[in-house]
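J.:
Numbering (my numbering), first residue to last: 25 to 344.
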């Protein structure tokens with residue numbers, strides 16, 4: 025297994041290299057540059073051109089890319105033109121908010137999906153199964169950003185049960201119990217909004233696996249030997265049906281990347297997703313390229329985690 029991990033890490037290097045080139049070229053292809061909209065329109069064109077020359081914005085793309093890559097390998101992703109601070113420091117301020125939001129979403133997703141999937145699969149073709157299946161169909165049809173707006177209006181503005189923005193109540197001292205509770209309180213509605221949508225895939229997958237496993241020969245054999253129904257479900261059906269769910273865990277991490285971009289923007293939650301959208305609109309290229317590389321790394325690691333989990337929980341699969 026360790027050989028496979030090392031081999032996959034070496035494969036990640038050219039993947040990230042190609043991704044960095046693609047992202048850099050797409051960023052340069054956007055209209056304008058990092059100075060667009062940030063300087064006084066009445067500024068002397070010669071002074072503006074001198075500023076672009078000083079920042080290296082007039083250099084060929086491969087020269088700009090090489091200079092950026094050399095600094096990136098040293099942990100220096102440049103300076104944010106909008107926030108006037110190093111990109112690595114700026115991302116460091118936001119990354120933990122996104123991590124906590126993603127962790128909360130994953131916990132809520134499995135707390136909702138596993139009971140619903142088990143109920144729907146075990147009692148298929150009943151009224152409970154029809155209600156759960158109807159919920160999943162609505163979840164597939166509802167866009168995340170529309171659902172997030174509805175949740176924000178309903179529980180944030182209409183009922184006033186949750187805050188409508190931010191990650192913590194202003195004035196709360198960091199490190200105190202009140203600070204921790206405020207953090208949880210602020211991320212609960214965004215996490216629940218995302219979890220209710222991402223849950224539907226897991227519910228449908230678990231339901232299908234349980235229904236399929238119930239018809240297999242080893243289940244019929246276990247029943248023929250007189251095993252109790254609870255033992256059949258707990259020891260055989262459920263155990264085998266949860267294997268794809270465990271393997272899907274890494275890809276859930278990848279799926280959360282796109283979700284947090286919209287959710288953080290809708291709920292004004294100061295994470296990497298909100299920073300990513302604002303940086304695109306303001307042409308803050310150094311922030312955009314660093315975040316896309318970080319998202320790409322998370323996606324590659326998610327795929328690796330899924331493979332490793334599946335090899336651990338399924339004795340028939342071993343990565344060597």
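All C-beta atoms in this analysis are idealised placements derived from N, C-alpha and C, irrespective of residue type, glycine included.
Using the Cα positions of residue 270 and residue 303, report the straight-line distance between them to the nearest angstrom.
T.: Distance between the alpha carbons of residue 270 and residue 303 is about 35 Å.
J.: Under a Cβ-count criterion, where at least 16 other Cβ atoms within 10 Å of its own Cβ denotes burial, should residue 280 be classed as buried or exposed?
T.: The residue in question, residue 280, is buried, as its Cβ has 16 or more Cβ neighbours within 10 Å.
J.: Suppose contacts are defined by Cβ-Cβ distances below 9 Å. Is residue 231 in contact with residue 148 by that definition?
T.: Yes; because the gap between Cβ atoms is below 9 Å, this pair is in contact.
J.: Do the stretch 202-215 and the stretch 161-168 make contact, defined as three or more Cβ pairs closer than 8 Å?
T.: Touching, no.
J.: Taking the DSSP output, what are the residues bridged to residue 104?
T.: Answer is 109, bridged to residue 104.
J.: Whether or not the stretch 82-90 and the stretch 171-179 are in contact is what I'm after, with contact meaning three or more pairs of Cβ atoms, one per stretch, closer than 8 Å; do they touch?
T.: These segments do not touch.
J.: Our contact map puts residue 143 next to residue 137 with C-beta atoms below 8 Å; I'd like the distance itself, whole angstroms only.
T.: Wrong, their Cβ atoms sit about 11 Å apart, outside the cutoff.
J.: What are the uninterrupted segments assigned as alpha helix (DSSP H) that are 4 or more residues long and contained completely in the stretch 255-311, given in chain order?
T.: As far as the stretch 255-311 is concerned, its whole alpha helix (DSSP H) runs of at least 4 residues are 262-271, 273-290, 296-305.
J.: How big is the Cα-Cα spacing for residue 108 and residue 296?
T.: Going from the Cα of residue 108 to the Cα of residue 296 covers about 17 Å.
J.: Taking residue 166 as part of the alpha helix (DSSP H), name the residues at either end of that continuous run.
T.: It is not in any alpha helix (DSSP H) - residue 166 carries neither H nor E in the DSSP assignment.
J.: Just verifying my parser: in three-state terms, what is the DSSP assignment at residue 184?
T.: Residue 184 falls in the coil class under three-state DSSP.
J.: Under a Cβ-count criterion, where at least 16 other Cβ atoms within 10 Å of its own Cβ denotes burial, should residue 305 be classed as buried or exposed?
T.: So residue 305 ends up on the exposed side.
J.: Helix, strand or coil for residue 249? Go by DSSP, reduced to three states.
T.: It is coil, neither helix nor strand.
J.: According to the Cβ coordinates, are residue 238 and residue 261 closer than 9 Å?
T.: The answer is yes: Cβ separation under 9 Å.
J.: Label residue 233 either buried or exposed according to how many other C-beta atoms from any shown protein chain fall within 10 Å of its C-beta, with 16 as the threshold for buried.
T.: That one is buried.
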